[in-house]
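A.B. asks:
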Amino acid sequence: MNRLARYLPPAMHQQMQAYRFEQDSCRYLLGKMLLLKGLVAQGYHSDILSEIQYNEFNKPWLDETVSFNISHSGDHIICAVSKSLRVGIDIEEVKPTELTDFTDCFSAAEWQCIRQEDNLLTNFYRFWTRKEAVLKADGRGLGIPLKELEVVNDQVLVGTAVWHLKALDILEGYAIHMASSEEVKEDISLRAIQF
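So the number in my numbering is just where the residue sits in the sequence shown, counting from 1, plus 1.
(1) Helix, strand or coil for I71? Go by DSSP, reduced to three states.
(2) Measure the CB-CB distance between P10 and L50 and report whether it falls below 7 Å.
(3) Can you tell me whether Q43 is helix, strand or coil according to DSSP?
(4) Taking 7 Å as the cut-off, decide whether the C-beta atoms of S182 and L86 are in contact.
(5) Please go through the same chain and pick out, in chain order, the residues whose beta-carbon is closer than 6 Å to the beta-carbon of G75, but skip the five residues on each side of it.
(6) So, for L5: in the same chain, excluding its five sequence neighbours on each side, which residues have a beta-carbon less than 8 Å away from its beta-carbon?
(7) Check whether the Cβ atoms of A134 and H178 lie closer than 7 Å to each other.
(8) Grab the span of the alpha helix (DSSP H) containing K137 for me, first residue to last.
(9) Three or more C-beta pairs closer than 8 Å, one from the region 95 to 112 and one from the region 61 to 72: is that the case here?
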């Protein structure tokens, strides 16, 4: 971890060290390293992490020419970087959870769709990652009430913005969705990176 941590600017290094559990520090660091690799692949310099700023909703950003987002769950970390679209991404490990805790997070139409599938738990996580991906792409996070953000369709209207959802079925036992400002018709470039 020390070898990779030297790539973090001081503020991020401090934030990494503030985590109580080493596993959380490691996830934070690896997420930032994925982001750095993605940004460098888009033509940014290797010290670009020091230029990241945060909006009033604590969403990180660089400039208007690039959009990025990081998510992690279980043993996996995923990062989306784009120079042509605004993006948000979410990954969740499909594991037992008390669905009644989420009653107020979904609309009646969403619950109806969730309950239609044979595997209720998997479908719940599919809808949860859809919702989270849109919230992250939009940039306001929980500034948007969850129940008011309906993700039944692959196009989601938030104010005047339309977000396009794409399922990424790349990991067994995980639900992953990406939201983007335009429909992604071509294949998404996926890379597994070992640090």
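Just so you know, even glycine gets a beta-carbon here, dropped at the ideal spot from N, CA and C. None of the values given here were measured: they were computed from a predicted structure.
C.D. replies: This is what the structure gives:
(1) strand
(2) yes
(3) coil
(4) yes
(5) E94
(6) L30, L31, M34 and F196
(7) yes
(8) L121 to D139
(9) no
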